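To start, the structure itself, in structure tokens.
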Amino acid sequence: MAGGAARLFRSGKVGRNVRKRRKNRAQPIMTRHPSPPAALVVTRNLPPLIGGMERLVWHIVDALRADYRVHVIGPAGCGLQVPPKVTATGIPARPLWWFLARTQWATIRRALQLHPGLVFAGSGLTAPFAWLAARLAGAHCVVYLHGLDIEADHPLYRLLWRPFLRRCDRVFVNSRFSRGLAVKIGIDPARITILPPGVEPPDLTDAETRRRDFRAEHQLDDAPLMLYVGRITARKGLSVFVRGILPAVLSHIPNAKLVVIGDEPTQALKHRSGEKRRVFGSLQENRLGNRVLFLDHVGDSELSAAYFAADLLLFPVQDLPGDHEGFGMVAIEAAAHGLPTVAFAAGGVPDAVADGRSGRLIAPGDNRAFTEAVIDCLSRDDAEKHLAARRARQFAEDFSWTHFNDRFRTALAKYESHQR
Numbered sequence: 048m049a050g051g052a053a054r055l056f057r058s059g060k061v062g063r064n065v066r067k068r069r070k071n072r073a074q075p076i077m078t079r080h081p082s083p084p085a086a087l088v089v090t091r092n093l094p095p096l097i098g099g100m101e102r103l104v105w106h107i108v109d110a111l112r113a114d115y116r117v118h119v120i121g122p123a124g125c126g127l128q129v130p131p132k133v134t135a136t137g138i139p140a141r142p143l144w145w146f147l148a149r150t151q152w153a154t155i156r157r158a159l160q161l162h163p164g165l166v167f168a169g170s171g172l173t174a175p176f177a178w179l180a181a182r183l184a185g186a187h188c189v190v191y192l193h194g195l196d197i198e199a200d201h202p203l204y205r206l207l208w209r210p211f212l213r214r215c216d217r218v219f220v221n222s223r224f225s226r227g228l229a230v231k232i233g234i235d236p237a238r239i240t241i242l243p244p245g246v247e248p249p250d251l252t253d254a255e256t257r258r259r260d261f262r263a264e265h266q267l268d269d270a271p272l273m274l275y276v277g278r279i280t281a282r283k284g285l286s287v288f289v290r291g292i293l294p295a296v297l298s299h300i301p302n303a304k305l306v307v308i309g310d311e312p313t314q315a316l317k318h319r320s321g322e323k324r325r326v327f328g329s330l331q332e333n334r335l336g337n338r339v340l341f342l343d344h345v346g347d348s349e350l351s352a353a354y355f356a357a358d359l360l361l362f363p364v365q366d367l368p369g370d371h372e373g374f375g376m377v378a379i380e381a382a383a384h385g386l387p388t389v390a391f392a393a394g395g396v397p398d399a400v401a402d403g404r405s406g407r408l409i410a411p412g413d414n415r416a417f418t419e420a421v422i423d424c425l426s427r428d429d430a431e432k433h434l435a436a437r438r439a440r441q442f443a444e445d446f447s448w449t450h451f452n453d454r455f456r457t458a459l460a461k462y463e464s465h466q467r
């Protein structure tokens with residue numbers, strides 16, 4: 048952890064590792080444009096790893112490069128996927144202890160080389176390294192917290208990581224719910240900014256063609272189509288839906304089908320195997336295997352086509368102690384495609400789904416109400432579907448990545464101006 052580095056810092060050895068003054072020498076007269084300050088981003092959440100957190104941090108890097116020279120310390124392979132003009136140091140994401148050890152020293156080394164004005168942690172996991180690097184460089188330390196990295200209940204995390212979250216100069220969170228978690232562990236509310244993730248608005252010109260092509264490719268015909276997108280974990284609730292809700296839906300709408308896009312998160316820190324097996328077990332028990340299509344991971348283009356092809360997105364997130372949904376980016380992506388969502392109002396989901404605008408919010412654990420909402424949405428006529436699609440797209444307009452970048456940069460600039 049950061050202990051060894053902290054001892055090095057207190058010893059004074061790091062402070063003596065400064066650049067020597069150069070001898071005075073004549074310089075040619077020319078117009079010199081000041082170089083932008085450097086920013087150091089420290090994160091485990093970045094492509095090629097897959098997920099909403101990874102996509103969000105990528106866009107933060109993209110926003111930072113407008114005002115900074117950005118260097119990223121992230122998972123191996125990230126250098127091939129960062130935005131233009133961004134440099135990177137890749138470190139194997141597994142095993143975790145190796146990633147943490149390598150990241151600690153890489154962060155210190157880069158901080159001393161680059162002298163950044165800003166050090167950004169992509170999640171609570173890398174906050175200690177970002178904080179130490181910021182102190183070494185005399186920089187501001189900023190972190191984006193997603194929810195699980197606030198309430199993680201591991202004793203070591205509570206003891207060694209949480210104190211650094213409280214010491215960060217600025218804290219971004221993804222929802223009102225996550226803000227509440229942050230305040231609960233002692234983070235100063237005045238330092239917190241709520242900044243929900245964004246979405247890339249899709250091209251709607253060929254939406255109907257892509258809808259038909261997706262259905263034809265997967266032999267879905269004109270069946271009422273439910274869509275689940277995301278990791279298959281206990282928190283996401285797919286097994287609960289398949290076991291306790293899907294049979295009732297199909298008893299009312301026998302020709303309805305479900306497409307599942309996602310898999311178990313083998314790269315996730317809180318990975319628990321067996322959830323997918325439970326899903327298949329419930330399908331086999333209820334003899335519903337022929338009503339569900341699993342596509343595992345798909346590319347962005349096919350995912351977009353799936354949103355266009357579906358009639359409804361399912362987001363049966365569970366309200367589990369110590370394992371809450373911080374936001375719900377998938378619901379915003381669906382809304383941008385005109386696809387409404389039926390979701391349990393757990394964790395930060397109410398910030399991602401507007402009841403009556405982009406879908407329906409159901410009290411956590413009320414499977415009967417969830418079933419009724421799904422049946423109601425799948426039973427709409429064409430006019431009602433078009434109206435629901437328009438409302439969903441209007442809701443999603445405020446969540447574009449362009450707006451996200453602008454808000455992020457504005458919040459940073461406002462903070463930095465107050466520090467001068």
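Going by the numbering used here, the first residue of the sequence shown is number 48, and it counts up by one from there.
A virtual CB, placed ideally from N, CA and C, is assigned to each residue, including glycine.
If you're wondering where the values come from, they're calculated on a predicted model, not measured in any experiment.
With fewer than 16 other Cβ atoms inside 10 Å of its own Cβ, S426 counts as exposed. In summary, S351 is buried, with 16 or more beta-carbon neighbours lying within 10 Å of its beta-carbon over all protein chains present. Secondary structure within the stretch 330 to 362: the beta strand (DSSP E) runs of 3 or more consecutive residues, fully enclosed, are 339 to 343, 359 to 362 (chain order).
About 18 Å separates the CB atoms of H162 and A135; that is not less than 8 Å, and the two are not in contact. Secondary-structure assignment with DSSP links L192 through a beta bridge to V220.
Approximately 15 Å separates the beta-carbon atoms of F211 and A186; this is outside 8 Å, ruling out the contact.
By the 16-neighbour rule on beta-carbons within 10 angstroms, P122 is buried. Non-local beta-carbon contacts of P248 in its own chain, meaning distances under 7 Å to residues more than five positions away in sequence, involve A383, S447 in chain order.
Taking A270 as the centre and dropping the five residues before and after it, the same chain places the C-beta of N302, A303, K304 closer than 7 Å to its C-beta, in chain order. Residue state for S298 is assigned as helix, using DSSP reduced to three classes. Distances from the alpha-carbon of P312 to those of I232, G98, P81 put G98 closest. Under DSSP, S225 takes part in no beta bridge, so it has no partner. Annotation: R407 is outside any alpha helix (DSSP H); the continuous beta strand (DSSP E) that includes it extends over 406 to 409. Within the stretch 259 to 290, the runs of beta strand (DSSP E) at least 3 residues long that lie entirely inside it are, in chain order, 272 to 276. In this model, R262 and V289 are separated by some 22 Å (Cα to Cα). The residues G194, N221, S222, R223, F224, S225, H371, E372, G373, F374, G375, in chain order, have a CB closer than 8 Å to that of G395 in the same chain once the five nearest residues on each side in sequence are set aside. Listed as beta-bridge partners of S447 by DSSP are V246. Its Cα nearest to that of V190, the residue L242 stands out among L242, R282, Q266, P139. Note on the stretch 388 to 432: whole alpha helix (DSSP H) runs with a minimum of 4 residues are 414 to 425, in chain order. Each of P397, E332, D253 was checked against the Cα of S348, and the nearest Cα belongs to D253. Short of 7 Å from the beta carbon of R112, and not among the five residues preceding or following it, lie these beta carbons of its own chain, in chain order: P130, K132, V133. Judged by DSSP in its simplified three-state form, P236 adopts helix. L340 and S464 have their C-alpha atoms spaced approximately 53 Å apart. Inside the stretch 82 to 125, DSSP marks whole beta strand (DSSP E) runs of 3 or more residues at positions 85 to 89, 116 to 122, from first to last along the chain. Counting the other CB atoms within 10 Å of its CB gives Q160 a total below 16, which places it among the exposed residues. Counting the other Cβ atoms within 10 Å of the Cβ of P83 gives fewer than 16, which makes it exposed.
In the structure shown, A135 falls within a strand segment according to DSSP collapsed to helix, strand and coil. Note on geometry: alpha-carbon atoms of Q331 and R324 lie some 10 Å from one another. Here Q266 is exposed, its C-beta having fewer than 16 other C-beta atoms within 10 Å.
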